[in-house]
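Asker:
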Amino acid sequence: MRGNDAVVNVEAVEEAVRDAVVAVPQPVRDVLDGVWLGAPLHPALTDVPIGAWTAAAALDAVGHEAADEALAVGVLAALPAALTGLNDWSHLKGETRQVGIVHALVNSGGLVLNLASLALRRRGHRGMARILSGAGYLGTLYAAHLGGRLSYGYGVRVNHTAFERPRDRYAPVIDERQLDDGGLHRVELEGESVVVARCDDGEVCAISAICSHMGGPLDKGKRDGDVVVCPWHGSRFDLRTGAIEGGPAVFPQPRYETRIRAGKVEIRAARDD
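According to this note's numbering, the sequence shown holds residues 13 to 285 in order.
#1: Within 10 Å of its beta-carbon, does L251 have 16 or more other beta-carbons around it, so buried, or fewer, so exposed?
#2: Should G254 and P266 be called a contact, given that it needs their Cβ atoms to be closer than 8 Å?
#3: Just checking, does the stretch 158-172 make contact with the stretch 96-109 on the three C-beta pairs under 8 Å criterion?
#4: Does DSSP put P37 in a helix, in a strand, or in coil?
#5: Taking L98 and V33 to be in contact with their CB atoms under 8 Å, please state how far apart those CB atoms are, rounded to whole angstroms.
#6: List the whole-angstrom C-beta distance separating A218 from I279, where the pair is believed to meet the contact cut-off of C-beta under 8 Å.
#7: To the nearest angstrom, how far is the alpha carbon of V5 from that of V60?
#8: Where do the ends of the alpha helix (DSSP H) carrying Y149 lie?
#9: May I have the straight-line CA-CA distance separating D193 from E269, to the nearest angstrom?
#10: How big is the Cα-Cα spacing for A24 and T96?
#11: From W244, F263, G160, pick the residue whose C-alpha is nearest to that of P52; which is it?
#12: Confirm, please, whether the CB-CB distance from T152 to S224 is below 8 Å.
#13: Any idea what DSSP makes of R252, helix, strand or coil?
#14: Could you give the DSSP three-state label for V19: helix, strand or coil?
#15: In terms of residues, what are the limits of the alpha helix (DSSP H) holding A218?
#16: Could you pull out every residue in the same chain whose Cβ sits closer than 7 Å to the Cβ of A68, ignoring the five residues on either side in sequence?
#17: When burial is assigned at 16 or more other CB atoms within 10 Å of the CB, is E204 buried or exposed?
#18: Just mark G228 as buried or exposed, buried being the case when its beta carbon has 16 or more other beta carbons within 10 Å.
#19: Where do the ends of the beta strand (DSSP E) carrying R198 lie?
#20: Using 10 angstroms around the beta-carbon of P39, count the other beta-carbons present and answer buried if the total reaches 16, otherwise exposed.
#21: Assuming S129 contacts A141 (C-beta within less than 8 Å), just tell me the rounded distance between them.
#22: Starting from G258, follow its DSSP beta bridges and name the residues at the other end.
#23: Report the residue from L132, V199, A70 whose alpha carbon sits nearest the alpha carbon of L150.
#24: Taking the straight line between their C-alpha atoms, what separation do you get for A281 and D45?
#25: Which ranges does the alpha helix (DSSP H) cover as unbroken runs of at least 4 residues, wholly within the stretch 52-118, from first to last along the chain?
#26: Give the DSSP-derived three-state secondary structure of E269 in the structure shown.
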């Protein structure tokens, strides 16, 4: 029973942390996601502490006291990296969430060791300080490996529409009158999923149906005028252009050109994309 209680407690903490992050105002989360950058912000920020701690390890190896400054730079840079990482983690579920927790815990342990190392360096205990920061650096490398696993093994924060290669010739996909209900309609174009809808001015619009953020089905989302809201994490896209209207997505949706022929909606990949 105690084991089960521990699992329940851990899950309760996870949900509490997630709920706290989700409660952050959306404009702030858009900044943490990297919507303004056009790329996920967390990986870019992690380069600074990893680079600084690599420099500190090299300087420690040759006995140079400049390692102290490099270590301090890494500690300061780790804080915004941790904030953006926590924000990314809040979108995860299942196995990816568990891997993310281990990633965060190992990074946190490395940060604590580096802080302790800085304190010992100030007191002149450089031998023990080097051991602690060395252990912290090894932990950081393992955490970086887990981060790579999340990105490249599970596809976290990669562009889920990057490999769409539909043909550039028009093809019929749906009867025009089916769009009169104002809904979001999923169609297929040579194996690629596309969401087609009639926009408020009567124009037929089409963008990829696979959310670039985590692969959510946009055709199952909600419409807000000419904006579609992903049902998984709330990313918002312009149905006309595929442009991002709100995160956490940082990559726009591929757009499709449309035309009407003999009562059929025909689409093709937008050539200006």
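Built from N, CA and C at the ideal position, the CB exists for glycine as well.
Answerer: From the atom records:
#1: Here residue 251 corresponds to residue number 239 of the sequence shown, with the count starting at 1. Label assigned to L251: buried.
#2: Counting from one through the sequence shown, the residue named residue 254 turns up at place 242. Counting from one through the sequence shown, the residue named residue 266 turns up at place 254. The Cβ-Cβ distance between G254 and P266 falls below 8 Å.
#3: Result yes; three or more Cβ-Cβ pairs closer than 8 Å.
#4: Within the sequence shown, residue 37 is the residue found at index 25, counting from 1. DSSP places P37 in coil when its eight states are reduced to three.
#5: Start at 1 with the first residue of the sequence shown, and residue 98 comes out as number 86. Start at 1 with the first residue of the sequence shown, and residue 33 comes out as number 21. Yes, L98 and V33 are in contact; Cβ-Cβ is about 6 Å, under 8 Å.
#6: Mapped onto the sequence shown, residue 218 falls at position 206. Mapped onto the sequence shown, residue 279 falls at position 267. Between the beta-carbon of A218 and that of I279 there is about 5 Å, and that keeps the pair under the 8 Å contact cut.
#7: The requested residue 5 does not occur in the structure, where the chain is confined to residues 13 to 285.
#8: Here the question's residue 149 lines up with position 137 in the sequence shown. Counting along the chain, the alpha helix (DSSP H) containing Y149 begins and ends at 138-160.
#9: Along the sequence shown, one-based indexing puts residue 193 at 181. Along the sequence shown, one-based indexing puts residue 269 at 257. So the two alpha carbons sit approximately 21 Å from each other.
#10: On the sequence shown, residue 24 is found 12 positions in, with the first residue counted as 1. On the sequence shown, residue 96 is found 84 positions in, with the first residue counted as 1. Straight-line Cα distance between these residues: approximately 22 Å.
#11: Position 40 of the sequence shown, counting from 1, holds the residue named residue 52. Among W244, F263, G160, the Cα nearest to that of P52 belongs to F263.
#12: Here residue 224 refers to the residue found at position 212 of the sequence shown. Here residue 152 refers to the residue found at position 140 of the sequence shown. The answer is no: Cβ separation not under 8 Å.
#13: Position 240 of the sequence shown, counting from 1, holds the residue named residue 252. The answer is coil: DSSP assigns R252 none of H, G, I, E or B.
#14: As a working mapping, residue 19 is identified with position 7 in the sequence shown. With a pLDDT of 49 at V19, under the threshold of 50, the modelled position of that residue is not reliable, and no figure is offered here.
#15: Residue 218 sits at position 206 when you count from the first residue of the sequence shown. Per DSSP, A218 belongs to no alpha helix (DSSP H); it is in the beta strand (DSSP E), 216-220.
#16: On the sequence shown, position 56 is the one that residue 68 refers to. Excluding residues within five positions, the ones whose Cβ falls inside 7 Å are A79, A82, L83, G86, S145.
#17: The residue given as residue 204 occupies position 192 in the sequence shown. Around the Cβ of E204, a 10 Å sphere holds 16 or more other Cβ atoms; the residue is buried.
#18: Residue numbering aside, residue 228 sits at position 216 when the sequence shown is read from its first letter. Residue environment analysis places G228 among the buried positions, since at least 16 neighbouring C-beta atoms fall within 10 angstroms of its C-beta.
#19: The residue labelled residue 198 in the question sits at position 186 within the sequence shown. Run containing R198: 197-201, per the beta strand (DSSP E) assignment.
#20: Taking the first residue of the sequence shown as 1, we reach residue 39 at position 27. P39 should be labelled exposed.
#21: For the purposes of this step, residue 129 is taken as residue 117 along the sequence shown, with counting starting at 1. For the purposes of this step, residue 141 is taken as residue 129 along the sequence shown, with counting starting at 1. Indeed, because the Cβ distance is near 4 Å, the residues count as touching under 8 Å.
#22: Within the sequence shown, the letter at position 246 stands for residue 258. Bridge partners of G258: R248.
#23: Walking along the sequence shown from the start, residue 150 turns up at place 138. Nearest C-alpha to L150: A70.
#24: Here residue 281 refers to the residue found at position 269 of the sequence shown. Here residue 45 refers to the residue found at position 33 of the sequence shown. Cα to Cα, A281 sits roughly 28 Å from D45.
#25: Counting whole runs of 4 or more residues, the stretch 52-118 contains the alpha helix (DSSP H) stretches 53-73, 79-101.
#26: Position 257 of the sequence shown holds residue 269. Here DSSP, grouped into helix, strand and coil, assigns E269 to strand.
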